[in-house]
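Notes follow the structure.
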Amino acid sequence: MARPLTNLLKKDAVWSWTSEAQQAFEAIKSSLQSAPILALPDEERPFSVVCDASDFAIGCALLQVDAEGRERVVPFQSRQLKAAEKNYPVHDKELLAMKYALVKLRVHLLGQKPFVIYTDHASLRTATSSPHLSQRMARWLSFFAEYFTVEYKPGKQNVLADALSRRPDYE
Numbered sequence: 001m002a003r004p005l006t007n008l009l010k011k012d013a014v015w016s017w018t019s020e021a022q023q024a025f026e027a028i029k030s031s032l033q034s035a036p037i038l039a040l041p042d043e044e045r046p047f048s049v050v051c052d053a054s055d056f057a058i059g060c061a062l063l064q065v066d067a068e069g070r071e072r073v074v075p076f077q078s079r080q081l082k083a084a085e086k087n088y089p090v091h092d093k094e095l096l097a098m099k100y101a102l103v104k105l106r107v108h109l110l111g112q113k114p115f116v117i118y119t120d121h122a123s124l125r126t127a128t129s130s131p132h133l134s135q136r137m138a139r140w141l142s143f144f145a146e147y148f149t150v151e152y153k154p155g156k157q158n159v160l161a162d163a164l165s166r167r168p169d170y171e
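Counting along the sequence shown from 1, when you hit position 62 you're at 62 in the numbering used here, and nothing is skipped either side.
Here it is in structure tokens:
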């Protein structure tokens, strides 16, 4: 959706307001007027995080089960991968999505008991015992261990994070 506008912000880009940029601007305005309903955080209830990575983006959401037992989204975030990040192996992209979640959702997660992060990348559950860890992966996993446990959630059940990491405007 925002691709024509983000292209205008790139280094050395010629700034020209095209019909595609105008359409993107109008689409963004329209989507902001019909924003999704987010839940207010309840500090008495535990949080969980879903995250995902694709070839071109990462995304995450903070979830909480409400008093009626419904899973509700508190905030969500996503962003495009930088050029260098696009070259990361898949498991590093998934870890990057977790790191991004910690940074963006930090205000809600600080001081909380250990929480669960759900990922659709099954190998991350056993990554800490792997003898073939990259330095980046070892560093991030060591940092993450203080905050949360990683649990596998198949892609079909990880729909929210999957959608955030595969937004068509990020391609």
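Note that the Cβ used here is the ideal one computed from N, Cα and C, for glycine as well.
{"query": "Among the candidates S19, V14, L96 and Q23, whose CA atom is the shortest distance from the CA of K82?", "result": "L96"}
{"query": "Just the Cα atoms here: how many angstroms apart are Q22 and M1?", "result": "11 Å"}
{"query": "Is E44 near the ligand GDP, with its Cβ less than 6 Å from a heavy atom?", "result": "The ligand content of the structure shown is nil, which means the ligand GDP is not present either."}
{"query": "Which same chain residues, not among the five before or five after D66, have their C-beta less than 6 Å away from its C-beta?", "result": "R72"}
{"query": "On a CA-only basis, which of Q80, L5 and A13 is nearest E20? Give me that one, please.", "result": "L5"}
{"query": "On a Cα-Cα basis, can you pick out the residue from E26, E44, H108 and P75 that is closest to I37?", "result": "P75"}
{"query": "Between which two residues does the beta strand (DSSP E) harbouring A57 extend?", "result": "A57 to V65"}
{"query": "Would you mind stating whether V50 and A161 have Cβ atoms separated by less than 7 Å?", "result": "yes"}
{"query": "Near P41, what residues of its chain come up, given a Cβ to Cβ distance below 7 Å and the 5 sequence neighbours on each side ignored?", "result": "Q64, V74 and H108"}
{"query": "With DSSP as the reference, label D92 as helix, strand or coil.", "result": "helix"}
{"query": "Of all the options R136, D120, P46 and C60, which has the alpha carbon lying nearest to the alpha carbon of Q112?", "result": "P46"}
{"query": "Helix, strand or coil: how does DSSP classify E146 here?", "result": "coil"}
{"query": "Going along the chain, which unbroken runs of the beta strand (DSSP E) with 3 or more residues stay wholly within the segment 26-59?", "result": "47-53"}
{"query": "Is the beta carbon of D52 sitting closer than 7 Å to the one on S165?", "result": "yes"}
{"query": "Since C60 contacts A13 with CB under 8 Å, what's their CB separation in whole angstroms?", "result": "Not confirmed; about 28 Å, so no contact."}
{"query": "Is it buried or exposed for T18, if we count other Cβ within 10 angstroms and need 16 for buried?", "result": "exposed"}
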